[in-house]
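According to the working numbering, the sequence shown is numbered sequentially starting from 6.
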Amino acid sequence: MSLKDKLEVLKNETSKKIQAAADLATLNQIRVETLGKKGPITEVLRGMKDLSAEERPKVGAFANEIRDYLTAAVETKKTELEQAVMDKALAEEAIDVTLPGRQVPVGGRHVLTQILEEIEDIFVGMGYQVIEGNEVESDHYNFERMNLPKDHPARDMQDTFYISEETLIRTHTSPVQARVMEKHDFSKGPLRMISPGKVFRRDTDDATHSHQFHQIEGLVVDKNVTMADLKGTLEVMMQKMFGADRKIRLRPSYFPFTEPSVEVDVSCFKCGGAGCNVCKYTGWIEILGAGMVHPDVLSMSGIDPEEYSGFAFGIGPDRVAMLRYGVNDIRSFYQNDVRFLSQFKGE
Ligand code: PHE
Numbered sequence: 006m007s008l009k010d011k012l013e014v015l016k017n018e019t020s021k022k023i024q025a026a027a028d029l030a031t032l033n034q035i036r037v038e039t040l041g042k043k044g045p046i047t048e049v050l051r052g053m054k055d056l057s058a059e060e061r062p063k064v065g066a067f068a069n070e071i072r073d074y075l076t077a078a079v080e081t082k083k084t085e086l087e088q089a090v091m092d093k094a095l096a097e098e099a100i101d102v103t104l105p106g107r108q109v110p111v112g113g114r115h116v117l118t119q120i121l122e123e124i125e126d127i128f129v130g131m132g133y134q135v136i137e138g139n140e141v142e143s144d145h146y147n148f149e150r151m152n153l154p155k156d157h158p159a160r161d162m163q164d165t166f167y168i169s170e171e172t173l174i175r176t177h178t179s180p181v182q183a184r185v186m187e188k189h190d191f192s193k194g195p196l197r198m199i200s201p202g203k204v205f206r207r208d209t210d211d212a213t214h215s216h217q218f219h220q221i222e223g224l225v226v227d228k229n230v231t232m233a234d235l236k237g238t239l240e241v242m243m244q245k246m247f248g249a250d251r252k253i254r255l256r257p258s259y260f261p262f263t264e265p266s267v268e269v270d271v272s273c274f275k276c277g278g279a280g281c282n283v284c285k286y287t288g289w290i291e292i293l294g295a296g297m298v299h300p301d302v303l304s305m306s307g308i309d310p311e312e313y314s315g316f317a318f319g320i321g322p323d324r325v326a327m328l329r330y331g332v333n334d335i336r337s338f339y340q341n342d343v344r345f346l347s348q349f350k351g352e
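So, in C-alpha cells, the structure goes:
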C-alpha cells in the first residue's frame, strides 16, 4: 500500500472511531493515539526524509490535510459530547420555577423602636443631634448633677437598682443633659440634642408601670432661650406625632432640675378635645414633663446661667405607643409575644 493509501485508510478508520466515541475520555484517547507525537501521522511525517524530492511535498501536504481534518473532527465531536453532558445535567437538575416559593418569615422593627426613630427624625429635622447615653450611670450624674442631692425627697419617686453605693442603672435620661452640657463648646453653636434610651425604676410592675421603660430626653441651651421656644418646639413635635390640629397645654409642675417646670398635655387625638375614653373625658392627654434648665444645673456643668439659658423635656415613648395604638398594658412591649409585636410591623 502506498503511503498515500495508508493515510487514506487511517483517515477513514479514525473518522469512524471519532464518530462512535461515547464519551470525552474515549475521544481524548483516540486523539492522543492518532494525532499525538507517537501516532501514525507523526510517523508518516517523520518518514518523509526517505521519499523522493518530488513526492515529498505532495505526501507532506496530504498528511497535513488529514491531520487538520481529523483535528477538526475531534473538536466537533468534543463540542457535541460536552453539550450532551450539559443537557443531561440540566435535565436532571431541572427546577420547576412555577412552584410557589418557601415563605421566609421577615421580622420588623419593634413598635417602640419605630416611635423612637419617628421622634428622632422630627428633631434631626430641626437640627438636633442624637446622643446615646449610658444605661449604667453614676449617682453623681443621675442625681447630684440633676440637683437631687443625697437626701433630696424627690429621689423617692425614682428609687432604683444600685450596683454599688455610687453606681446605678439610670432612672431617667436626664443625666445625659449634664454629660453633654459639660462638654459642649458654644463657640461652635447652640446645644441641641435628644437622647433616647432605656431607663429603670424600682416599680412594682402593673399595667401602667414597668421596671424598665424608655425616655427621650431633649435639651437646648443657648443665649436667650425662653419658655416660648420650649412651647413652640413641643407643639411642633405633638403636631407631627398626633396630627396637625393638635394643641398643647402647659401646667405648672415640679422637677428639681428645671425651673419653672411644666407638665405638658396634648389635645386628645381621638376626640379632638370633646372627651372620650382615651383622654378620660378631659379632652387632654398628659404626655411629658419639661421646663427651663435650672440655673444650678447649668452652673454645675460649667455654663454661666447669667449668659445662657435652656429648656429640657422628657417624653415616654412607651406611653406614646400605648395611646396611639390603644395598648392597655405596658408590659406587652417587653414580653416578646410575636402575636402582639407582629401587629406593628410597619411598612
Ligand atoms: N427626667 C424627668 C422624669 O424622668 C422628665 C423630665 C426631663 C422633666 C426633662 C423635665 C425635663 O420624670
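Note that beta-carbon positions come from the ideal geometry of N, C-alpha and C, so glycine has one too.
Inter-residue distance for P257 and I124 is about 24 Å (C-alpha atoms, whole angstroms). Every alpha helix (DSSP H) of 4 residues or more that sits fully in the segment 54-119 is shown, in chain order, as 60-97. Within the same chain, and ignoring the five residues on either side of K22 in sequence, the residues whose Cβ sits closer than 7 Å to its Cβ are I35. Linking P201 to I290 through their CA atoms gives a straight-line distance of about 21 Å. Leaving aside the five residues that flank A78 on each side, the residues in its chain whose CB is nearer than 7 Å to its CB run, in chain order, S20, I23.
If you look at F191, you'll find it isn't in any beta strand (DSSP E); DSSP assigns it neither H nor E. In the three-state reduction of the DSSP assignment, M297 falls in the strand class, which pools E and B. Counted as a single uninterrupted DSSP element, the beta strand (DSSP E) harbouring V271 occupies residues 263-272.
For I46, the enclosing alpha helix (DSSP H) begins and ends at 45-52. A contact is defined here as three or more CB-CB pairs under 8 Å, and the segment 170-178 meets this definition with respect to the segment 220-239.
Per the DSSP secondary-structure output, H219 pairs in a beta bridge with K203.
Distance from the CA atom of M242 to the CA atom of L293, rounded to whole angstroms, is 11 Å. Each residue's CA atom was taken as its position, placing S306 and R251 some 35 Å apart.
A straight-line Cα-Cα distance of about 15 Å links N341 and Q119. With respect to the C-alpha of A30, the residue from D55, E18, N147, K82 having the closest C-alpha is K82. Here Y286 is exposed. Its C-beta has fewer than 16 other C-beta atoms within 10 Å. In this structure, S179 has its CB closer than 7 Å to one or more heavy atoms of ligand 1. Our two residues, L235 and Q163, have alpha carbons roughly 25 Å apart in a direct line. Secondary structure of H145 (DSSP, three-state): helix.
Classified as exposed, S192 has fewer than 16 neighbouring CB atoms from the shown chains inside 10 Å of its CB. At a threshold of 7 Å, A317 counts as near ligand 1, since its beta carbon sits closer than that to one of the ligand's heavy atoms.
DSSP places L255 in the uninterrupted beta strand (DSSP E) bounded by 253-260. Collapsing the DSSP output to three states places L153 in coil.
Contact between A295 and F318 holds, with the beta-carbon distance rounding to 4 Å and staying under 8 Å. Cβ-Cβ distances below 8 Å link V141 to I168, T172, L173, I174, R175 in the same chain, with the five nearest sequence neighbours on each side left out; the list follows chain order.
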